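Please read the structure below before turning to the comments.
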């Protein structure tokens, strides 16, 4: 079979590899599609070399069909469509308080262990979620990032009739906006990239460039001066941190979606003055995956627009090089059948 390996120093290899039998508690998946995540791009840039065992097959956004099952696996069978929730929580302990998705010794499959950018992939059965037979496998490759969005919206407590401002219109920001709109909220996207602004508007979203428009004044004009009920900080840059407290209304909730690797200044006075809440959100839980599977299977949201390119595994090096050249793109899928 064909498999890909990150070799370090912005290099990938395409190799021929033996198809392995699944262990007793594993399943073997014939991978259909594997999406390229921002984390994968960080790996490509060498930013996670201390964590990733080189050479490593990466990838965790995927869809596929079960090809074989281990002898102890009874709740899955060959031929079933599945996705993987890539969280290995086998070292959970009482101090984790039952929150397996953020347990202290959590391992992320596709980063800390081999991932989905290969034709066949063996994984523990407990990480699988079944899909319905009619689920589109190409769209199903979006379930993992969509689950980030469903988790974010659920953590925020967003309800119908509220106003949500999404700071950052990249892939996760756009999915957050879709889920927020599905809840029934008024959604405003703040994004500086003109291509992404156009895409957001084409998809029916209210989108503005905060370097050209006074975002606070704009949100006030859309909310009878109340400002936003919920702010999703997805951009991960200082200007977003500066504006999030300004655009929040009284008792607004700020959801920290972006990963900030170092300490950043935040106007804590605004938290006192308006009784704001800052809420952390990391990956997803089982119910978020089930919600995402439901949304993808129904396919009532413009998910197809999120997929901006599909390439065979053999082109993995070019795919990552092109992502660097085209930061406006949304989701690139690797077709693992080719």
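Numbering (the numbering used here), first residue to last: 7 to 344.
Note that the Cβ used here is the ideal one computed from N, Cα and C, for glycine as well.
Every value quoted in this text rests on a predicted model; they were computed, and no experiment measured them.
- Straight-line spacing of the CA atoms in residue 170 and residue 186 works out to 7 Å.
- Within the region 14 to 84, the runs of alpha helix (DSSP H) at least 4 residues long that lie entirely inside it are, in chain order, 44 to 50.
- Residue 126: member of the beta strand (DSSP E) spanning 126 to 130, first to last residue.
- The closest CA to that of residue 315, considering only 16, 42 and 36, is found on 42.
- Annotation for residue 71: 36 and 87 place their beta carbon closer than 6 Å to its own, counting only its chain and skipping 5 residues before and after.
- When the five nearest sequence neighbours on each side are left out, the beta carbons in the same chain lying within less than 8 Å of the beta carbon of residue 140 are those of 303, in order along the chain.
- For a cut-off of 8 Å, the C-beta gap from residue 47 to residue 68 is around 16 Å, too long to register as a contact.
- A Cβ-Cβ distance of about 7 Å is found for the pair residue 313 and residue 144, placing them in contact under the 8 Å criterion.
- By the C-beta criterion, the region 119 to 127 is judged to be in contact with the region 55 to 68, since at least 3 inter-stretch pairs fall below 8 Å.
- Annotated as distal: residue 236 and residue 293, with beta-carbon spacing of 9 Å or more.
- The three-state reading of DSSP puts residue 160 in helix, counting H, G and I together.
- If you draw a straight line from the Cα of residue 224 to the Cα of residue 269, it is about 29 Å long.
- Straight-line spacing of the CA atoms in residue 99 and residue 219 works out to 49 Å.
- 115 is the residue among 115, 101, 82 and 79 whose C-alpha sits nearest the C-alpha of residue 92.
- In the three-state DSSP reduction, residue 107 falls in the helix class (H, G or I).
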